[in-house]
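Heads up: the sequence shown is residues 6 to 175, going by our numbering.
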Amino acid sequence: MTDLCAPRPLKAGDIVSEFDCGSEELDRWLRAWARHNDANGASRTYVSVDSEDDRVAGFYCLAAGSLTRREAPGRLSRNMPDPIPVILLGRLAVDRRYAGKGLGASLLQHAVLQSARVAQAIGMRAIVVHAKDDGAARFYERYGFVRFPGNDRVLYLRVADVEATAASLS
(Lines of atoms letter the chains of each structure in order from A and count residues from 1; the text may use other names and numbers.)
(Lines give C-alpha, C1' and ligand atoms only; values in the text may rest on other atoms or scores of the structure.)
Protein backbone atom coordinates (compact mmCIF):
# COMPACT_ATOMS: atom_id res chain seq x y z
CA MET A 1 0.00 0.00 0.00
CA THR A 2 1.17 3.50 -0.73
CA ASP A 3 1.41 6.37 1.70
CA LEU A 4 -1.63 8.37 2.67
CA CYS A 5 -1.57 12.14 2.93
CA ALA A 6 -2.46 13.75 6.24
CA PRO A 7 -6.09 14.89 6.34
CA ARG A 8 -6.68 18.12 4.41
CA PRO A 9 -9.61 19.90 2.76
CA LEU A 10 -11.17 18.14 -0.23
CA LYS A 11 -9.72 19.46 -3.52
CA ALA A 12 -10.98 19.42 -7.10
CA GLY A 13 -8.53 16.73 -8.27
CA ASP A 14 -9.30 14.26 -5.47
CA ILE A 15 -10.84 11.05 -6.82
CA VAL A 16 -14.11 10.34 -5.02
CA SER A 17 -15.77 8.19 -7.70
CA GLU A 18 -14.08 4.97 -6.54
CA PHE A 19 -14.70 5.44 -2.81
CA ASP A 20 -16.32 2.37 -1.23
CA CYS A 21 -16.68 2.20 2.54
CA GLY A 22 -19.40 -0.44 2.48
CA SER A 23 -22.19 2.05 3.15
CA GLU A 24 -23.92 3.23 -0.01
CA GLU A 25 -25.31 6.21 1.91
CA LEU A 26 -21.83 7.46 2.88
CA ASP A 27 -20.34 6.66 -0.55
CA ARG A 28 -23.15 8.57 -2.26
CA TRP A 29 -22.81 11.53 0.11
CA LEU A 30 -19.10 11.89 -0.67
CA ARG A 31 -19.68 11.70 -4.43
CA ALA A 32 -22.81 13.85 -4.63
CA TRP A 33 -22.74 16.28 -1.72
CA ALA A 34 -19.25 16.87 -0.30
CA ARG A 35 -18.14 19.37 -2.95
CA HIS A 36 -21.62 20.91 -3.19
CA ASN A 37 -21.74 21.52 0.57
CA ASP A 38 -18.19 22.90 0.57
CA ALA A 39 -19.07 25.36 -2.21
CA ASN A 40 -22.24 26.50 -0.42
CA GLY A 41 -20.69 26.74 3.04
CA ALA A 42 -22.91 24.04 4.55
CA SER A 43 -20.00 21.88 5.70
CA ARG A 44 -16.29 21.30 5.17
CA THR A 45 -14.98 17.93 4.06
CA TYR A 46 -11.50 16.76 4.95
CA VAL A 47 -9.87 13.82 3.19
CA SER A 48 -6.87 11.58 3.45
CA VAL A 49 -5.82 10.59 -0.07
CA ASP A 50 -3.53 7.95 -1.49
CA SER A 51 -0.39 9.89 -2.41
CA GLU A 52 0.09 7.72 -5.50
CA ASP A 53 -3.18 8.43 -7.28
CA ASP A 54 -5.18 11.04 -5.26
CA ARG A 55 -7.88 8.46 -4.51
CA VAL A 56 -9.80 9.35 -1.34
CA ALA A 57 -8.99 6.74 1.32
CA GLY A 58 -11.10 8.30 4.06
CA PHE A 59 -13.00 11.47 4.87
CA TYR A 60 -14.96 13.36 7.45
CA CYS A 61 -17.01 16.56 7.40
CA LEU A 62 -17.68 19.26 9.95
CA ALA A 63 -20.48 21.80 10.20
CA ALA A 64 -21.71 24.34 12.72
CA GLY A 65 -24.81 23.36 14.61
CA SER A 66 -26.82 23.92 17.74
CA LEU A 67 -28.89 22.04 20.28
CA THR A 68 -31.77 23.35 22.31
CA ARG A 69 -31.25 23.20 26.06
CA ARG A 70 -34.24 20.85 26.23
CA GLU A 71 -32.65 18.23 23.93
CA ALA A 72 -29.13 18.46 25.39
CA PRO A 73 -27.88 16.27 28.25
CA GLY A 74 -27.25 18.04 31.55
CA ARG A 75 -23.46 18.07 31.10
CA LEU A 76 -23.96 20.10 27.91
CA SER A 77 -26.82 22.37 28.90
CA ARG A 78 -25.61 23.48 32.32
CA ASN A 79 -24.82 27.24 32.32
CA MET A 80 -25.25 27.48 28.54
CA PRO A 81 -27.44 29.74 26.38
CA ASP A 82 -30.33 28.43 24.32
CA PRO A 83 -29.49 27.26 21.71
CA ILE A 84 -26.17 25.65 22.62
CA PRO A 85 -23.46 26.02 19.95
CA VAL A 86 -21.92 22.74 18.78
CA ILE A 87 -19.81 21.36 15.96
CA LEU A 88 -21.42 18.55 13.99
CA LEU A 89 -19.19 15.73 12.87
CA GLY A 90 -21.48 14.92 9.98
CA ARG A 91 -19.74 12.00 8.29
CA LEU A 92 -16.63 9.89 8.85
CA ALA A 93 -15.77 6.91 6.65
CA VAL A 94 -12.82 4.85 5.42
CA ASP A 95 -12.63 3.09 2.05
CA ARG A 96 -12.58 -0.70 2.51
CA ARG A 97 -9.21 -0.93 0.74
CA TYR A 98 -7.67 1.12 3.55
CA ALA A 99 -9.63 -0.31 6.50
CA GLY A 100 -7.92 -1.79 9.54
CA LYS A 101 -4.88 0.50 9.35
CA GLY A 102 -5.93 3.09 11.94
CA LEU A 103 -7.14 5.62 9.38
CA GLY A 104 -10.53 6.04 11.09
CA ALA A 105 -8.84 6.96 14.38
CA SER A 106 -6.46 9.30 12.53
CA LEU A 107 -9.37 11.06 10.83
CA LEU A 108 -11.23 11.34 14.14
CA GLN A 109 -8.14 12.80 15.82
CA HIS A 110 -7.86 15.40 13.06
CA ALA A 111 -11.58 16.21 13.36
CA VAL A 112 -11.32 16.62 17.13
CA LEU A 113 -8.27 18.88 16.86
CA GLN A 114 -9.83 20.89 14.04
CA SER A 115 -12.95 21.33 16.18
CA ALA A 116 -10.84 22.50 19.12
CA ARG A 117 -9.27 25.20 16.93
CA VAL A 118 -12.72 26.36 15.82
CA ALA A 119 -13.95 26.39 19.42
CA GLN A 120 -11.07 28.66 20.43
CA ALA A 121 -12.00 31.12 17.70
CA ILE A 122 -15.78 31.27 18.05
CA GLY A 123 -16.86 29.24 21.07
CA MET A 124 -18.49 25.81 20.95
CA ARG A 125 -19.70 23.56 23.74
CA ALA A 126 -19.22 20.14 22.15
CA ILE A 127 -18.69 17.99 19.10
CA VAL A 128 -21.87 16.05 18.25
CA VAL A 129 -22.05 13.01 15.99
CA HIS A 130 -24.99 10.96 14.73
CA ALA A 131 -23.60 7.41 14.47
CA LYS A 132 -24.99 5.40 11.56
CA ASP A 133 -25.18 2.19 13.62
CA ASP A 134 -24.23 0.72 16.98
CA GLY A 135 -20.76 -0.29 15.75
CA ALA A 136 -20.04 3.31 14.79
CA ALA A 137 -21.35 4.49 18.17
CA ARG A 138 -18.97 2.09 19.94
CA PHE A 139 -16.08 3.45 17.83
CA TYR A 140 -16.79 6.99 19.08
CA GLU A 141 -17.25 5.79 22.66
CA ARG A 142 -13.75 4.27 22.63
CA TYR A 143 -12.43 7.81 22.22
CA GLY A 144 -14.45 9.52 24.93
CA PHE A 145 -17.71 10.38 23.20
CA VAL A 146 -20.80 9.93 25.38
CA ARG A 147 -24.22 8.74 24.19
CA PHE A 148 -27.20 11.04 24.63
CA PRO A 149 -29.66 9.66 27.18
CA GLY A 150 -32.65 8.32 25.27
CA ASN A 151 -30.90 8.44 21.88
CA ASP A 152 -27.96 6.06 21.83
CA ARG A 153 -26.96 6.88 18.24
CA VAL A 154 -26.26 10.52 19.05
CA LEU A 155 -23.01 11.10 20.90
CA TYR A 156 -21.09 14.12 22.11
CA LEU A 157 -17.64 15.11 23.27
CA ARG A 158 -17.38 18.29 25.33
CA VAL A 159 -14.77 20.71 24.03
CA ALA A 160 -13.38 20.73 27.58
CA ASP A 161 -12.57 17.01 27.12
CA VAL A 162 -10.90 17.35 23.72
CA GLU A 163 -7.30 17.21 24.99
CA ALA A 164 -7.80 13.84 26.66
CA THR A 165 -9.49 12.44 23.56
CA ALA A 166 -6.79 13.77 21.22
CA ALA A 167 -4.14 12.14 23.43
CA SER A 168 -5.99 8.80 23.37
CA LEU A 169 -6.00 8.90 19.57
CA SER A 170 -2.23 9.45 19.26
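C-beta atoms are modelled at their ideal positions from N, C-alpha and C, and glycine is treated no differently.
From a predicted model like this one, the values you see are computed outputs, not experimental measurements.
Residue range A131 to H135 is occupied by the beta strand (DSSP E) that includes I132. Annotation: L35 to S53 spans about 13 Å, alpha carbon to alpha carbon. Judged by beta-carbon spacing, I92 lies beyond the 8 Å limit of S48, meaning their Cβ atoms are not closer than that value.
The residues P88, I89, P90 and V91, in chain order, have a CB closer than 7 Å to that of S71 in the same chain once the five nearest residues on each side in sequence are set aside. Look at the segment 10–58 and you find these whole runs of beta strand (DSSP E), each 3 residues long or longer: 49–54. In the three-state scheme derived from DSSP, where H, G and I count as helix and E and B as strand, F64 is classed as strand. In the DSSP assignment, I127 forms no beta bridge with any residue. The beta-carbon separation of H135 and V159, rounded to 6 Å, stays under the 8 Å limit for a contact.
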